[in-house]
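Taking it in order: structure first as structure tokens, then the write-up.
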Amino acid sequence: MKPKSRIAPTPSGYLHEGNLANFLLNAALVRDGGELMLRVDDLDRARYRRAYVEDIFRCLNQLGIQRTEGPVDVASFEEEWSQEKRLPQYRTALDRLRESDLVFACPCSRKELQNGTHVHGCLDRKIDLDTRDVAWRVDTRQVSEELLIPDLVQKEPFVVEPHTVIPDFVIRNKAGRPAYQLACTVDDRLFGINTVGRGQDLLPSTAAQMILSDLLGFDALMSRITFLHHPLITAVDGSKLSKSAGARSEPLRIDGSIIQRLEGLTKQWLG
Ligand SMILES: [Zn+2]
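Everything in the sequence shown is counted per my numbering, starting at 23 for the first residue and increasing by one.
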């Protein structure tokens with residue numbers, strides 16, 4: 023089968039070198055006649071800014087990364103490819119998930135959940151899913167204690183404990199919007215993605231998406247997608263540049279030496 027990967031940035035900040043290295047990796051994974059989609063994950067409207075989407079296209083162009091699917095500029099993104107356009111598909115998935123015994127309604131605040139227990143009897147399923155201001159969560163006490171995540175490069179699979187790393191993860195937030203894990207699971211299947219390079223900071227997300235894929239009745243995630251979970255790169259100040267560390271206050275200046283360094287990293291990750 024032809025490899026098909028995706029570059030899936032979140033427009034909640036200017037891209038950093040970690041994002042760019044990840045883009046180059048995904049381009050490399052499909053280099054031999056595969057397909058590469060650009061998918062802008064813009065469900066988080068609170069942090070969305072148009073300038074961040076512009077930054078994504080600027081970086082892709084400067085890196086010379088060709089795509090075969092997805093938006094080609096900000097206008098086509100807004101008209102056709104925003105995740106807002108796929109809300110019906112996410113709702114269909116949520117309708118299916120609400121039938122699962124594992125899904126429960128939870129009005130708990132972040133503070134209330136700090137010690138890991140629900141204080142409103144959420145786990146007894148006493149709260150109607152259609153109550154206002156409840157999040158929908160998956161009871162991770164009821165899934166496998168350990169999930170194995172095979173890797174394209176690492177010999178041994180990663181071992182992830184869902185209830186430890188993503189306890190009762192959210193699939194629909196209190197405002198009734200689909201959560202990242204849900205949208206990502208639906209999108210990857212919808213677009214036939216079979217190859218993904220992502221940072222090791224996203225191993226918990228991969229575990230959540232394995233669980234959701236099963237609950238939705240999709241073919242097992244690991245049978246559909248080959249993953250390469252790469253190490254995180256370190257910024258000049260020594261901090262790790264994860265997917266979510268999009269805290270740059272201004273666009274990154276991309277020059278030949280940066281590209282060379284990032285391409286070197288990508289090669290290293292490919293083993
Ligand atoms: Zn709760």
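The C-beta atom is built at its ideal place from N, Cα and C for all residues, glycine as well.
Quick check on residue i: buried or exposed, where buried means 16 or more other Cβ atoms within 10 Å of its Cβ?
| i | result |
| --- | --- |
| R71 | exposed |
| L170 | exposed |
| Q231 | buried |
| Q105 | buried |
| T139 | exposed |
| G219 | buried |
| A68 | exposed |
| T114 | exposed |
| P93 | buried |
| R275 | exposed |
Closest to residue i by C-alpha separation, out of the options, would be which residue?
| i | options | result |
| --- | --- | --- |
| M166 | T186, E178, L250 | Met is not the amino acid found at residue 166; the sequence shown has Ser there. Ranking the options by Cα distance to S166, first place goes to T186. |
| R163 | E183, A157, T153 | E183 |
| G40 | D277, K262, Q105, W103 | K262 |
| Q176 | A229, L109, F249 | F249 |
| I255 | S279, G278, T228, G221 | G221 |
| T90 | Q84, P31, R61 | R61 |
| P110 | L284, G219, G92, V208 | V208 |
| L237 | G260, S122, S227, G278 | S122 |
| P98 | R113, T114, F79 | Looking at the sequence itself, residue 98 is Ser, so the reference to Pro does not match. Checked all of R113, T114, F79; the closest Cα to S98 is F79. |
| Q136 | R108, D190, F240 | D190 |
Spatial neighbours of residue i within its chain, please: C-beta separation below 7 Å, excluding the five flanking residues on both sides.
| i | result |
| --- | --- |
| P172 | P179, M244 |
| V156 | A127, C128, P129, I149, K196 |
| R147 | F126 |
| L284 | E39, L42, A43, L46 |
For residue i, collect the residues of the same chain with a Cβ closer than 8 Å to its Cβ; drop the 5 residues on either side in sequence, then sort them by chain order.
| i | result |
| --- | --- |
| T153 | A127, P129 |
| K26 | V52, G56, E57, L58, M59, F213, G214, I215, N216, T217 |
| I193 | L116, L119, V125, W158, R159, V160, P200, A201, Q203, L204, L234 |
| I87 | I29, F45, L46, A49, L58 |
| V181 | E168, L169, L170, I171 |
| A229 | L169, I171, V182, P184, V187, I188 |
So, at 6 Å on beta carbons, what are the nonlocal neighbours of residue i in its own chain, with the 5 sequence-adjacent residues on each side left out?
| i | result |
| --- | --- |
| P273 | Y36, D77 |
| T32 | D63 |
Just to confirm, does residue i get its C-beta within under 6 Å of one of the non-hydrogen atoms of ligand 2?
| i | result |
| --- | --- |
| I276 | In the structure shown, ligand 2 is absent; the only ligands present are ligand 1. |
Restricting to runs no shorter than 3 residues, where is the beta strand (DSSP E) found entirely within the segment 73-144? 125-128
Go through the residues and name those whose CB comes closer than 5 Å to any heavy atom of ligand 1, in chain order. C128, C130, H140, C144
Can you list, in chain order, the stretches of the beta strand (DSSP E) that have 3 or more residues and sit fully within the segment 186-223? Within the segment 186-223, the complete beta strand (DSSP E) segments at least 3 residues long are 192-194, 217-221, listed from N- to C-terminus.
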